Every structure is written in C-alpha cells, then in structure tokens.
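Some notes on the structure that comes next.
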C-alpha cells in the first residue's frame, strides 16, 4: 500500500504526531509520500519583509492567492527552503530516510503557467496579469516510485514547473492540496489530508455533524454542499485525486495520536471512488 499524506500549513496544525506516525508506517514496510502546505509561513515571511499577500476571488467565488514575482521568490525561500527542510530534518530524527523534493525537481510536478487570472472585484469581472501560478497536468510517478523503491521517503512541496506559452519553464505556485491529489492519483494511492479539524462537517461550526464517509454521488453532493471556506478546495482536490486514480481520500485532523493510521482506520471523513458520477461510456461498458 502507498499512502500520500498532506500536512496542512495552518498555524493550528501540529505536524509532530504525523511525523511519528510516518516513521511507524515506514518501519512496518508501508510506502509513504509526504506533502505539505505553507501559506501561513509565506504570509508571515511577507509580513516580516514589510509586504502584504494578495488574495483574489474568482468569478466562481473561490478565493485564492495571487502570486506575483516577489511573492514567488518568497515561496521558493519558504516552501522548499525552510519548511521542506524542517520536515526532512524531523523525519531523520524519527529514523526515516527522507528526501526533500520540490515539484521542479526531475519535472516531478508539471503544468502550464497561468500568467493572467480572471478575478471578481467590486462585483466586476477583470483580468489580473503577472501571476505565477499553474495547474498540475503531469506527475513524474517514476521518480517517486524509484525513490520509494530505494527505501527513501519523499517529502514534496511546491513550486511546480510551469510551461510558458513561448517555450521554456518558470517555477510557479500551485495549490498544495491539489498537488497532493495529483500525486495520489498518479500513484493510485490512498490520500490522507491532515488539517486542523477532524473531518468535513455538515454544520461547519458543529463537530458532532461530521460526515463519516461518502461512497455514492448523492452522498458526495452532501459533502460538497457542506464544504465552506478552506474546505472547499480540499473537497475539489479530493475529487481530482479520485478521478486520477486514488484509492480513497480521507480528510482528518493532524492534531491526534497516530493521525494517519487513525484516518486509514476510519477516523475523519472518508471519500471512496464510488462518489464519482458514472460516465455514459462507463455505464455502457458495465452493461
């Protein structure tokens, strides 16, 4: 079994339990790929430099970061530089042979650069240019599988390698949840998304309304209706992971003993491949 684990970058997420759990899983012979976010650390670094992060809203209502050239420089410093190195260091202290990789290494994560994005400001749709972002289109699964086969545990972060329209590449930002989803799909792995809540709640303010699992399109509609704020992107990423071939996606808390093992055992909200709508071709094939 291969497990892709994504540790959220929010300040409320404590990675200590997850790192110890990675060590236990690896010691038991499991293959683990660790990915991580870090938006909070990027924003804090920008603040230390006297700069403000820019967030924009898409016409569809999704809020995301606008990554200009200066912010991209900070991403390079913080994500593969500090955060990835810190996690690799911690895993070595847990007895794990960890290898840090960014999406640009060996074309691990690749896609087209989006230099302009559609945004909604003051109720009007606009084009904002100068963005350094991209959507992942391919994963070098062979690189990860070779690393795992060698007995190493990959620790992966953005940036990713963005193809320019005129040729060549630029390192660009990509959503960390979607990066983890792309990796899980390419490896046909279970994806465990660790965050600061215990799952997806029907009422975001009431933990007792946690949705335990979803295995049908109808149940997944309930999940999508319930997702608000930062959870919206995680549900989008979960759908992409399952469409890409992931075995399952579990959204669970990082702030627990053995959070990965617990998630795989049923804690959190588990989404199964059955949540995907059957295509017409798939229905005909089944008949």
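Residue numbers (this note's numbering): 12 to 298. Backbone N, C-alpha and C fix where the C-beta goes; we use that ideal spot for every residue, glycine too. Fair warning: this is a prediction, and the values are worked out from it, not measured in the lab.
> By a C-beta neighbour count over all protein chains shown, 10 Å radius and 16 as the cutoff for buried, is residue 9 buried or exposed?
Replying inline: Because residue 9 is not part of the residues shown, which for the chain are 12 to 298, the question remains open.
> residue 235: which of 13, 282, 200 and 50 sits nearest, CA to CA?
Replying inline: 282
> Which runs of the alpha helix (DSSP H) fall wholly inside the stretch 14 to 42 and span at least 4 residues, in chain order?
Replying inline: 27 to 38
> Closest to residue 91 by CA distance: which of 79, 101, 115 and 72 is it?
Replying inline: 115
> Which runs of the beta strand (DSSP E) spanning at least 3 residues fall entirely within the stretch 64 to 126, listed in chain order?
Replying inline: 65 to 68, 74 to 77 and 109 to 114
>> Check whether the stretch 184 to 191 and the stretch 127 to 140 touch, using three or more Cβ-Cβ pairs below 8 Å as the test.
In response: no
>> Less than 8 Å between the C-beta atoms of residue 163 and residue 173, yes or no?
In response: no
> Helix, strand or coil: how does DSSP classify residue 148 here?
Replying inline: strand
> Where do the ends of the beta strand (DSSP E) carrying residue 221 lie?
Replying inline: Where residue 221 is concerned, there is no enclosing beta strand (DSSP E), given that its DSSP letter is neither H nor E.
>> By DSSP's criteria, residue 158 is part of a beta bridge. Which residues make up the other side?
In response: DSSP output for residue 158 lists no bridge partner at all.
>> By the three-class DSSP mapping on this structure, what secondary structure does residue 132 have?
In response: strand
> Apart from the five residues on each side of it in sequence, which residues of its chain come closer than 8 Å, Cβ to Cβ, to residue 275?
Replying inline: 14, 201, 203 and 261
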